[in-house]
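Take a look at the structure below.
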Amino acid sequence: MININKEALTERFMRYVQIDTQSDPESNNFPTTEKQKDLGKLLFEELKQMGLSDVDMDEFGYVYATIPSNSDKKNIPVICFCSHVDTAPDCSGTNVKPLLHKNYNGTDIVLPDDHTQVLRKSDSSYLENHIGSDIITASGNTLLGADDKSGVAVIMQAAQYFISNPSVKHGAIRIVFTPDEEVGKGTAKIDMKKLGADFGYTLDGGEAGSMEDETFSADGASIIINGVIAHPGYAKDKLVNAIKIAGAVLDALPKNEWSPETTSEKQGFVHPVSISGIAEKATIGFIVRDFKTETLTAHHSRLKKIAEDVVAGYKGVTMEYIAKEQYRNMKEVLDKHPQVAAYASEAIERTGLKVKTESIRGGTDGSRLSFMGLPCPNIFTGMQNIHSKLEWIGVNDMVKAAETIVHLGMVWEEKT
Ligand SMILES: [Zn+2]
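Okay, so the sequence shown: first residue is 25 according to the numbering used here, each after it adds one.
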């Protein structure tokens, strides 16, 4: 029986979310905002106080620590638990006031600082599951920051459990807290050698019991259209405007399929995300997504053909098509190390939950880490309505996530 201290976990989470750690997509600094280190420093201090080893925070804001092995077995793989300290730029993270709703009674929750923000169980069957237990919301002006301070709090509480319960046997466990995940730079400055782990788990997922071992494979694409330029006063039968051709290319895209707004589950898509240009030259930026990396090639060919057919209708106009790799489906790596996800499933089941394996229609730090040599599925913490003022989390879900971490430490020790 793993007894996670629910009150301590709640208190810890409520404390972390009050620290503003919003990241900034416009910044070229690292971390993108210095304030992310405010939480980093606190975690550094708390990890030291807890008695972990190799506690370190570097200039980029990454916090590392070790729970040393307490097992006689020598060859237990080093596993790592990872979560991000930053919150999303989509919604304010300044002056977050977390509200603990004890024994939630199922009524609508009107957030006190903005009465237009109402959390209704009629909008969410998942909220209905939490009637009778504790949930935490923000107060109406900000996000809550459960994404991903729930992951941070859960890992910290699990670390405390390992330290206080030496009879629970486990191998060496590494912890890393990263900045800037929400702006796509969470792994940019991570020191994999220093991390020194064999396998990892991000704690950055939703519903209790869920595990994500698959992400999109992602490319970018640019279509550059070179028009024919002439003085507009004397352009008759000469000028061909690149901006107008760019418009024609966009108009030639399918209307009822092959886009984010018309696809779901395992379907891929292409999606125009930017357009810029002058009459002489215009560029359209796309993202291209699919779960199968091989299929990305087919998406590129189809997109290129559509553009070429349009451009072929204009004399003197040329185009270039540039494809660029962004990230890859982590399942390609995880399938080579089936024990990583299998042990996570076993750990989740040992907490009494049913495992729900899911695919992410996006990328995670875990997908990048997987390709950097650390196979790394994503595990739930319970976070809901992320990146919004209606973000909330159930305390029991966080408790189960912390239990899952403890079980994972034990499973890796047992199976070695
Ligand atoms: Zn997150």
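Just so it is clear, CB atoms sit at the ideal spot from N, CA and C, and this is done for glycine as well.
Verify whether the separation of the beta carbon atoms of residue i and residue j is less than 8 Å.
i      : j      : result
Val294 : Glu370 : no
Gly406 : Ala232 : yes
Asp228 : His411 : no
Asn94  : Pro190 : yes
Ser273 : Ile247 : Here the sequence assigns Val to residue 273, which means Ser is not the residue at that position. Yes, these two residues count as a Cβ contact at 8 Å.
Going by Cα to Cα distance, which pick from the options is closest to residue i?
i      : options                           : result
Tyr351 : Gly229, Ala336, Ile133 and Thr317 : Thr317
Asp172 : Asn165, Trp416 and Ala266         : Trp416
Ala112 : Gly387, Pro49 and Gly195          : Pro49
Asp158 : Leu143, Ala170, Thr211 and Leu124 : Leu124
Tyr86  : Gly229, Gly433, Met422 and Val200 : Val200
Thr90  : Asn52, Phe315 and Ala183          : Ala183
Asn127 : Val142, Asn99, Val335 and Leu151  : Leu151
Met180 : Glu69, Lys279 and Lys145          : Glu69
Thr319 : Trp282, Ala306, Leu67 and Ala303  : Trp282
Cys115 : Val134, Lys59, Ser47 and Thr140   : Ser47
Cys104 : Arg198, Ile214 and Val207         : Arg198
Phe404 : Thr140, Val142, Ser174 and His139 : Ser174
Gly195 : Glu356, Asp333 and Pro92          : Pro92
Take residue i and list the residues in its own chain whose beta-carbon comes closer than 7 Å to its own, dropping the five residues that flank it on each side.
i      : result
Tyr338 : Val264 and Ile269
Leu427 : The sequence shown places Glu at residue 427, rather than the Leu named in the question. Hits under 7 Å: Ile26, Ile28 and Thr375.
Val364 : Phe223, Leu358, Pro399 and Pro401
Gly251 : Val264, Asn265, Ala266, Ile269, Ala303, Glu304, Lys305 and Val341
Which residues in the same chain as residue i place their Cβ atom closer than 6 Å to its Cβ, once the five residues preceding and following it in sequence are excluded?
i      : result
His431 : Ala371 and Arg374
Lys97  : Thr440
Ser391 : Thr239, Tyr351 and Met354
Tyr88  : Asp80 and Val200
Thr19  : Here the chain has residues from 25 to 440 only, and residue 19 is not among them.
Arg313 : Phe240, Ala242, Gly292 and Phe293
Cys106 : Val200, Gly224 and Thr226
Thr287 : Phe293
Leaving out five residues before and five after residue i in sequence, what residues of the same chain have Cβ atoms less than 8 Å from its Cβ?
i      : result
Asp137 : Lys121, Ser163, Gly164 and Asn165
Leu168 : Val41, Val120, Pro122, Ile160, Thr161, Ala162, Glu415, Trp416 and Ile417
Asp62  : Ile43, Asp44 and Thr45
His324 : Asp243, Ala245, Val312, Tyr345 and Ala347
Leu219 : Tyr88, Cys104, Arg198, Val200 and Leu398
Lys380 : Glu231, Gly233, Ser234 and Met235
May I ask whether a heavy atom of ligand 3 can be found less than 7 Å away from the beta carbon of residue i?
i      : result
Ser188 : Although ligand 3 was asked about, the structure shown includes only ligand 1 as ligands.
Kindly say whether residue i, judged by its beta-carbon, lies nearer than 8 Å to any beta-carbon of chain B.
i     : result
Leu71 : Among the chains in the structure shown there is no chain B, since it carries only a single protein chain.
Could you pull out every unbroken beta strand (DSSP E) segment of at least 3 residues lying fully inside the segment 174-259, listed in chain order? 197-202, 223-229, 234-239 and 241-250
Along the chain, which unbroken stretches of the alpha helix (DSSP H) at least 4 residues long are found entirely within the segment 365-434? Every alpha helix (DSSP H) of 4 residues or more that sits fully in the segment 365-434 is shown, in chain order, as 389-395.
Just jot down, in chain order, the residues whose CB lies closer than 5 Å to any heavy atom of ligand 1. Asp171, Asp172 and Asp228
Start-end ranges of the beta strand (DSSP E) lying completely within the segment 276-335, minimum 3 residues: 293-301 and 305-314
In chain order, each alpha helix (DSSP H) run of at least 4 residues that lies wholly inside the segment 99-166: 149-152
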